[in-house]
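Novice: Residue numbers in the sequence shown follow the working numbering, run continuously in steps of one, and reach 532 at the last position.
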Amino acid sequence: MTENTDGDNICNRTAGLVVEFEQSRDPDSTEIGRQFNKLQRTMMKNKDILSCNEGIKSINRLKNRYKDILPYDKYRVILPLDNDSDYINASFIEDLYGHRRYIAAQGPIDTSLIDFFHMIWNFQITSIICTANDIEAGRMKFRRYWPDDGESLQFGSYHITKDVSNDKTYRCNDYEIYSLIITREEIQRHILLYHVLHWFDHDIPNDESSILELLSRVYQDRNSSIDSPILVHCSAGCGRTGSLIAIDLCRLLLNDEHLFFSRDYQPYPVFKIASHIRQFRIALIQTLKQYLFVHKMFACMMKIHENILLCSILNNNEDQTLDSSLTTKLSPPTTLVSSSRRQSGPFQIILRSPPIGRRLFSGSNNSSPTKSPSEFFSSPSKSSSLNDTSQISERSLMSSCFLQINTTNTHSADQLIHSNETRCNHIRSRQRESITRSDSVDIYSITSLIHHQQQQQQFSNDQGAYSD
65 MTENTDGDNI
75 CNRTAGLVVE
85 FEQSRDPDST
95 EIGRQFNKLQ
105 RTMMKNKDIL
115 SCNEGIKSIN
125 RLKNRYKDIL
135 PYDKYRVILP
145 LDNDSDYINA
155 SFIEDLYGHR
165 RYIAAQGPID
175 TSLIDFFHMI
185 WNFQITSIIC
195 TANDIEAGRM
205 KFRRYWPDDG
215 ESLQFGSYHI
225 TKDVSNDKTY
235 RCNDYEIYSL
245 IITREEIQRH
255 ILLYHVLHWF
265 DHDIPNDESS
275 ILELLSRVYQ
285 DRNSSIDSPI
295 LVHCSAGCGR
305 TGSLIAIDLC
315 RLLLNDEHLF
325 FSRDYQPYPV
335 FKIASHIRQF
345 RIALIQTLKQ
355 YLFVHKMFAC
365 MMKIHENILL
375 CSILNNNEDQ
385 TLDSSLTTKL
395 SPPTTLVSSS
405 RRQSGPFQII
415 LRSPPIGRRL
425 FSGSNNSSPT
435 KSPSEFFSSP
445 SKSSSLNDTS
455 QISERSLMSS
465 CFLQINTTNT
475 HSADQLIHSN
485 ETRCNHIRSR
495 QRESITRSDS
505 VDIYSITSLI
515 HHQQQQQQFS
525 NDQGAYSD
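The structure is reproduced here in structure tokens:
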């Protein structure tokens with residue numbers, strides 16, 4: 065069986081799982097529901113095996129927002145000893161290569177706020193992804209730790225201000241990007257904070273496609289020489305935090321062909337990834353709805369791969385891939401609220417592997433295997449064959465993918481799988497034709513094709529869209 069066929073099977077299988085669940089909504093009779101139940105049973109077993117002794121100590125108890133969401137001792141983040149405690153409710157999460165790529169943390173509360181900045185400082189964090197709002201439904205979810213424009217905050221020895229002159233600052237309806245300056249003993253460090261605005265507790269984002277766009281910005285903004293974990297938090301540091309980490313690992317898996325087709329991640333890659341991250345912290349991906357959401361995101365990313373392959377074939381560029389050659393120009397978010405100095409025009413999206421987090425603080429944390437960043441960073445991508453005249457919006461492309469995935473009332477799982485297989489066969493047929501064809505296809509035929517697909521998907525959506 066060829067790798068193309070294997071990839072088609074995985075794409076079709078994932079899409080079929082989503083459709084099956086949307087039609088049934090019965091956790092016990094669907095594969096996604098059974099998988100999530102298995103994850104929950106495994107989590108209960110892990111609680112009996114993996115200790116959380118540090119979190120339940122009397123000196124640390126008040127640093128926890130929830131008494132049942134504690135870090136496993138084996139994977140907890142260990143801070144420099146302060147007042148007989150080195151504890152913070154945060155855990156290292158290893159990626160698919162065994163590197164500490166993320167820190168999944170509880171949102172800071174009053175009793176842990178200074179510890180939160182100790183962690184940022186000692187592990188040289190440069191990217192923070194906040195997936196919650198400090199106030200939700202009238203309840204405080206975490207202590208806000210960034211100031212308003214023109215103001216500053218002081219937490220212990222840490223002075224925090226906003227760098228409004230940074231061209232990476234950005235704001236749209238779905239997320240905001242702040243540039244923070246943290247000063248301690250006259251030493252300054254710059255942090256980028258990515259704040260998701262509409263992702264509420266135990267739920268999924270209002271605009272699903274914005275999550276991939278945000279992750280794209282995270283990795284574009286990070287310096288390839290940076291070798292520190294990405295800090296991700298919500299309120300408890302499990303549901304929304306785990307979902308976002310799982311989505312990013314799905315992206316990483318798709319960018320590694322060898323890993324993608326390995327037996328370790330077959331036949332259900334999302335289940336394998338969810339099982340992987342849950343060994344490091346309790347309840348990552350907390351609800352069945354969030355687990356379904358990760359499947360949708362994975363199916364969407366595979367569909368994007370398929371569309372990129374189609375575009376590359378139509379341009380006689382068979383070597384174009386998502387990871388190395390894609391530099392599709394993106395339009396800005398369609399509902400722009402305001403923007404600082406970041407250009408609101410098209411930008412390039414290159415979904416490359418993120419920096420590898422290593423143990424930076426010389427404490428008692430056990431070191432994970434590490435590799436040189438050069439082994440995982442893509443070289444600067446070449447110019448894509450898609451020129452500026454295409455103006456194919458990735459947000460539109462992702463929204464188009466979700467329209468197709470969410471339209472279930474008029475399509476059975478078998479019909480969707482058959483549609484995907486037909487489309488993949490069409491792509492391979494066009495690929496064979498392009499080998500013997502000397503002329504190149506005009507770029508407008510690509511945009512026309514995608515526009516036609518979007519119209520068909522919108523028509524289906526009008527007939528019966530998925531509703532929560």
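In this text, a Cβ means the ideal position worked out from N, Cα and C, and glycines have one as well. For clarity, every value in this text was computed on a predicted model and none was experimentally measured.
What are the start and end residues of the beta strand (DSSP E) that includes Asn-153?
Specialist: Taking the first residue of the sequence shown as position 1, residue 153 is located at position 89. Per DSSP, Asn-153 belongs to the beta strand (DSSP E) from 149-158.
Novice: Hey, how far is the Cα of Val-334 from the Cα of Ser-221?
Specialist: Working through the sequence shown from its first residue, we reach residue 334 at position 270. Working through the sequence shown from its first residue, we reach residue 221 at position 157. Each residue's alpha carbon lies about 42 Å from the other.
Novice: Tell me whether Leu-177 is buried or exposed, calling it buried when 16 or more other Cβ atoms sit within 10 Å of its Cβ.
Specialist: Stepping through the sequence shown from its first residue, residue 177 is reached at position 113. It counts as buried.
Novice: Is Ser-229 near the ligand GDP - that is, is its Cβ less than 7 Å away from at least one heavy atom of it?
Specialist: Questions concerning the ligand GDP fall outside what the structure shown contains, since it holds no ligand whatsoever.
Novice: Give me whichever residues DSSP pairs with Lys-226 in a beta bridge.
Specialist: Indexing the sequence shown from 1 puts residue 226 at position 162. Looking at the DSSP assignment, Lys-226 forms a beta bridge with Leu-244.
Novice: For Pro-144 and Ile-311, I'd like the C-alpha separation in whole angstroms.
Specialist: Taking the sequence shown and counting its residues from 1, the one referred to as residue 144 is at position 80. Taking the sequence shown and counting its residues from 1, the one referred to as residue 311 is at position 247. Going by the C-alpha atoms only, they are around 31 Å apart.
Novice: Taking the alpha helix (DSSP H) that His-322 falls in, what are its first and last residues?
Specialist: Against the sequence shown, residue 322 aligns to sequence position 258. Segment 321-324, the alpha helix (DSSP H) holding His-322.
Novice: Jot down the residue ranges of each uninterrupted alpha helix (DSSP H) in the stretch 131-205, minimum 4 residues, whole runs only, in chain order.
Specialist: Here the runs fully enclosed are 177-186.
Novice: Need the endpoints of the beta strand (DSSP E) that Arg-253 sits in, please.
Specialist: Locating residue 253 in the sequence shown gives position 189, where the first residue counts as 1. Per DSSP, Arg-253 belongs to the beta strand (DSSP E) from 251-260.
Novice: Along the chain, where does the beta strand (DSSP E) containing Ile-294 start, and where does it finish?
Specialist: Locating residue 294 in the sequence shown gives position 230, where the first residue counts as 1. Looking at the DSSP string, the run of the beta strand (DSSP E) that includes Ile-294 is 294-297.
Novice: So, using beta-carbon positions, are Ile-157 and Ile-341 closer together than 8 Å?
Specialist: In the sequence shown, residue 157 corresponds to position 93, counting from 1. In the sequence shown, residue 341 corresponds to position 277, counting from 1. Yes, Cβ-Cβ distance for Ile-157 and Ile-341 is below 8 Å.
Novice: What is the rounded straight-line gap between the Cα of Ser-417 and the Cα of Asn-270?
Specialist: By one-based count along the sequence shown, residue 417 stands at place 353. By one-based count along the sequence shown, residue 270 stands at place 206. Annotation note: pLDDT 44 at Ser-417 (below 50); position unreliable, coordinate value reported separately. Between Ser-417 and Asn-270, the C-alpha separation is close to 26 Å.
Novice: Would you check if the stretch 204-211 and the stretch 270-279 touch, i.e. whether three or more CB-CB distances between them fall below 8 Å?
Specialist: No, the stretch 270-279 is not in contact with the stretch 204-211.
Novice: Can you tell me whether Ile-218 is helix, strand or coil according to DSSP?
Specialist: The residue given as residue 218 occupies position 154 in the sequence shown. A small correction: the amino acid at residue 218 is Gln; Ile does not occupy that position in the sequence shown. In the structure shown, Gln-218 sits in a strand (DSSP, three-state: E or B).
Novice: So what does DSSP say about Tyr-329, is it helix, strand or coil?
Specialist: Here residue 329 refers to the residue found at position 265 of the sequence shown. In this structure, Tyr-329 counts as helix in the three-state DSSP scheme.
Novice: Would a C-beta distance cut-off of 8 Å place Ala-300 and Gln-170 closer than the cut-off?
Specialist: Looking up residue 300 in the sequence shown gives position 236. Looking up residue 170 in the sequence shown gives position 106. For Ala-300 and Gln-170, yes; Cβs fall inside 8 Å.
Novice: Tell me the DSSP bridge mates of Tyr-234?
Specialist: Here the question's residue 234 lines up with position 170 in the sequence shown. Paired residues: Ile-241.
Novice: Do you know whose CA, among Ala-79, Asp-159, Leu-276 and Ile-167, lies nearest His-297's CA?
Specialist: Position 233 of the sequence shown, counted from the first residue, corresponds to residue 297. Answer by Cα proximity: Ile-167.
Novice: State the DSSP-derived secondary structure class of Ser-96, mapped to helix, strand or coil.
Specialist: As a working mapping, residue 96 is identified with position 32 in the sequence shown. What sits at residue 96 in the sequence shown is Ile, not Ser. Note: Ile-96 maps to helix in three-state DSSP.
Novice: Rank Met-107, Val-83 and Pro-293 by C-alpha distance to the C-alpha of Gly-350 and give the top, closest one.
Specialist: Locating residue 350 in the sequence shown gives position 286, where the first residue counts as 1. Just to set this straight, residue 350 is Gln in the shown sequence, not Gly. Taking only the C-alpha atoms, the option nearest Gln-350 is Met-107.
Novice: Report the rounded CA-to-CA distance for Tyr-139 versus Thr-247, giving the unit in angstroms.
Specialist: As a working note, residue 139 is residue 75 in the sequence shown. As a working note, residue 247 is residue 183 in the sequence shown. Rounded to whole angstroms, Tyr-139 to Thr-247 spans 28 Å at the Cα level.
Novice: If you measure between the beta carbons of Leu-33 and His-322, is that distance less than 8 Å?
Specialist: In the structure as shown, the chain starts at 65 and stops at 532, and residue 33 therefore has no counterpart that could be examined.
Novice: Beta-carbon within less than 8 Å of Ile-133's beta-carbon, same chain only, minus the 5 sequence neighbours each way: which residues are those?
Specialist: Here residue 133 refers to the residue found at position 69 when the sequence shown is read from its first residue. Result list for Ile-133: Asn-153, Gln-170, Ala-300, Gly-301, Cys-302, Ile-346 and Ala-347, in chain order.
Novice: Can you give me the Cβ contacts of Thr-225 inside the same chain, cut-off strictly under 6 Å, excluding the 5 residues immediately before and after it?
Specialist: Sequence index remark: in the sequence shown, residue 225 carries index 161 (1-based). Cβ neighbours of Thr-225 beyond the five flanking positions: Ser-216 and Ile-245.
Novice: Which residues in the same chain have their Cβ closer than 8 Å to the Cβ of Cys-314, if we skip the five residues on either side of it in sequence?
Specialist: Locating residue 314 in the sequence shown gives position 250, where the first residue counts as 1. Contacts found: Pro-333, Val-334, Ile-337, Val-358, Met-361, Phe-362 and Met-365.
Novice: Reducing DSSP to helix, strand and coil, say where Thr-351 ends up.
Specialist: Counting from one through the sequence shown, the residue named residue 351 turns up at place 287. In the structure shown, Thr-351 sits in coil (DSSP, three-state: anything other than H, G, I, E or B).
Novice: Under the assumption that Leu-318 contacts Ile-192 (Cβ atoms under 8 Å), give the Cβ distance between them as a whole number of angstroms.
Specialist: Working through the sequence shown from its first residue, we reach residue 318 at position 254. Working through the sequence shown from its first residue, we reach residue 192 at position 128. So it is not a contact: roughly 25 Å between Cβ atoms.
Novice: Do Ser-155 and Phe-344 have their beta-carbon atoms positioned less than 8 Å apart in this structure?
Specialist: Within the sequence shown, numbered from 1, the residue matching residue 344 stands at position 280. Within the sequence shown, numbered from 1, the residue matching residue 155 stands at position 91. Cβ distance < 8 Å, so Phe-344 and Ser-155 count as in contact.
Novice: When DSSP labels each residue in this structure, what does Ile-368 get in the three-state scheme?
Specialist: Here residue 368 is taken as the residue at index 304 of the sequence shown, counted from 1. Residue state, collapsed to three classes: helix.
Novice: Out of Asp-146, Asp-159 and Pro-135, which has the shortest C-alpha to C-alpha gap to Leu-308?
Specialist: Taking the first residue of the sequence shown as position 1, residue 308 is located at position 244. Closest option to Leu-308, Cα to Cα, is Asp-159.
Novice: Using the C-alpha atoms, what's the distance from His-369 back to Leu-390?
Specialist: Locating residue 390 in the sequence shown gives position 326, where the first residue counts as 1. Locating residue 369 in the sequence shown gives position 305, where the first residue counts as 1. In this predicted model, Leu-390 has a pLDDT of only 34, less than 50, meaning its place in the structure is not dependable enough to derive any value.
Novice: Nearest to His-259 by alpha carbon, out of Pro-331, Arg-253, Gln-188 and Ile-241?
Specialist: Residue 259 sits at position 195 when you count from the first residue of the sequence shown. Cα-wise, what sits closest to His-259 is Ile-241.
Novice: Our contact map puts Ile-123 next to Asp-148 with C-beta atoms below 8 Å; I'd like the distance itself, whole angstroms only.
Specialist: As a position in the sequence shown, residue 123 is number 59, starting the count at 1. As a position in the sequence shown, residue 148 is number 84, starting the count at 1. Contact flag correct, Cβ pair sits at about 6 Å.
Novice: Could you give the DSSP three-state label for Ser-389: helix, strand or coil?
Specialist: Taking the sequence shown and counting its residues from 1, one reaches residue 389 at position 325. Residue confidence for Ser-389 is low, a pLDDT of 36 falling below 50, so the modelled location carries little weight and cannot support an answer.
Novice: My guess is that Asp-179 and Lys-127 are in contact by the Cβ rule of under 8 Å, so how many angstroms apart are they, rounded?
Specialist: Translated into positions along the sequence shown, residue 179 becomes position 115. Translated into positions along the sequence shown, residue 127 becomes position 63. Confirmed, about 7 Å.
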